[in-house]
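Trainee: Input: one structure, supplied below.
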Amino acid sequence: MTTLLRFEKESGPASLFERAQFMFNKQHIRTLKLTARTKVQCSFALQNALEAFEVRAWDLVAVYAKQDSGKFTKTVWQKTVDGVVWLVTIGYQDNVHSVTTPTSAGEAIRAQTEEVVRHQGQRYMHVDQVNTELMREEAALQVNAASQPHPRPLYTATTCISAQKGFGDDPPAFFHTPRRAAPAPNDLNDELC
Numbered sequence: 112m113t114t115l116l117r118f119e120k121e122s123g124p125a126s127l128f129e130r131a132q133f134m135f136n137k138q139h140i141r142t143l144k145l146t147a148r149t150k151v152q153c154s155f156a157l158q159n160a161l162e163a164f165e166v167r168a169w170d171l172v173a174v175y176a177k178q179d180s181g182k183f184t185k186t187v188w189q190k191t192v193d194g195v196v197w198l199v200t201i202g203y204q205d206n207v208h209s210v211t212t213p214t215s216a217g218e219a220i221r222a223q224t225e226e227v228v229r230h231q232g233q234r235y236m237h238v239d240q241v242n243t244e245l246m247r248e249e250a251a252l253q254v255n256a257a258s259q260p261h262p263r264p265l266y267t268a269t270t271c272i273s274a275q276k277g278f279g280d281d282p283p284a285f286f287h288t289p290r291r292a293a294p295a296p297n298d299l300n301d302e303l304c
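Numbered by my numbering, the letters in the sequence shown go through residues 112 to 304 in order.
Below, the structure written as structure tokens:
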């Protein structure tokens, strides 16, 4: 079984928290999966906040990463709902693992039994290196996607014929039916129509 390492925002690798936040921001509103046990632990208002989990409305406070791969597996988010501070642990495929308050018995047991990895050591450096590299790869993907040419608009032969029949440069919209790709601007000539 893989060992999970807990990192808190104040002392964990910035790259790990950047990666977790980035992955959650890909979908601004997520539908979390609540078990019957987690539903019992929640107030009605908190259930509503979890069922339409809006990332920007929550603070990321802790991240669990696998010791061997360095990739995150669970995140802990905090939000005040109805005057109560809640901690929600979200795992794989948006499953809610736990819902607690910072002063609850479950959170006290977790604090006593789990080690928090802080600012140094081999495990810290490994997780930091893995997530730094993953974010570099994401940045390269975004640069490559931005540098790809945009597809050309599609025109029909009808558009060319309608322009010749007196509709002018701007034929009615019903003539614009996608059929074939338009030639590059420098390839335009009278033979297209």
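We treat Cβ as the ideally placed atom computed from N, Cα and C, and that holds for glycine.
These numbers come from a predicted model, not from an experiment.
1) Nearest-angstrom Cα distance between A163 and L145?
2) Please report the straight-line C-alpha distance between F133 and C153, rounded to a whole angstrom.
3) Helix, strand or coil for N297, going by three-state DSSP, please let me know.
4) Could you pull the start and end residues of the beta strand (DSSP E) that H237 belongs to?
5) Report all residues from its chain with a CB closer than 6 Å to the CB of V238; omit the five preceding and five following residues, and keep chain order.
6) On the three-state DSSP scale, how would you describe L145?
7) Which of the three DSSP states is assigned to D179 in this structure?
8) Alpha carbon to alpha carbon, how far is E119 from Q138?
9) Would a C-beta distance cut-off of 8 Å place T191 and Y203 closer than the cut-off?
10) How far does the alpha helix (DSSP H) with E129 in it extend, from its first residue to its last?
11) What separation, rounded to the nearest whole angstrom, lies between the Cα atoms of T186 and V241?
12) What does the alpha-carbon distance come out to for the pair L116 and L161?
13) Could you compute how far the alpha carbon of P213 sits from the alpha carbon of E249?
14) Helix, strand or coil: how does DSSP classify V228 here?
15) Taking T149 and V207 to be in contact with their CB atoms under 8 Å, please state how far apart those CB atoms are, rounded to whole angstroms.
16) Output needed for D170: all residues of its chain with C-beta closer than 6 Å, excluding positions within five of it in sequence on either side, in chain order.
17) On a Cα-Cα basis, can you pick out the residue from T114, Q158 and I140 that is closest to S209?
18) On the three-state DSSP scale, how would you describe D193?
19) If V166 sits next to F135, beta carbons under 8 Å apart, how far is it from one beta carbon to the other, in whole angstroms?
Mentor: Per the coordinate set shown:
1) 11 Å
2) 27 Å
3) With a pLDDT of only 46 at N297, under the threshold of 50, the placement of this residue in the model should not be trusted; the figure read from the coordinates follows. Note: N297 maps to helix in three-state DSSP.
4) From DSSP, H237 is part of no beta strand (DSSP E) but of the alpha helix (DSSP H) over Q233 to S258.
5) P124, L127, A176 and G181
6) For L145, the secondary structure class from DSSP, reduced to helix, strand or coil, is coil.
7) coil
8) 23 Å
9) no
10) A125 to N136
11) 17 Å
12) Each residue's Cα considered, the two are about 25 Å apart.
13) 34 Å
14) The three-state secondary structure of V228, taken from DSSP, is coil.
15) Yes, they are in contact, since the Cβ atoms of T149 and V207 sit about 5 Å apart, within 8 Å.
16) Answer for D170: Q189, listed in chain order.
17) Q158
18) coil
19) 5 Å
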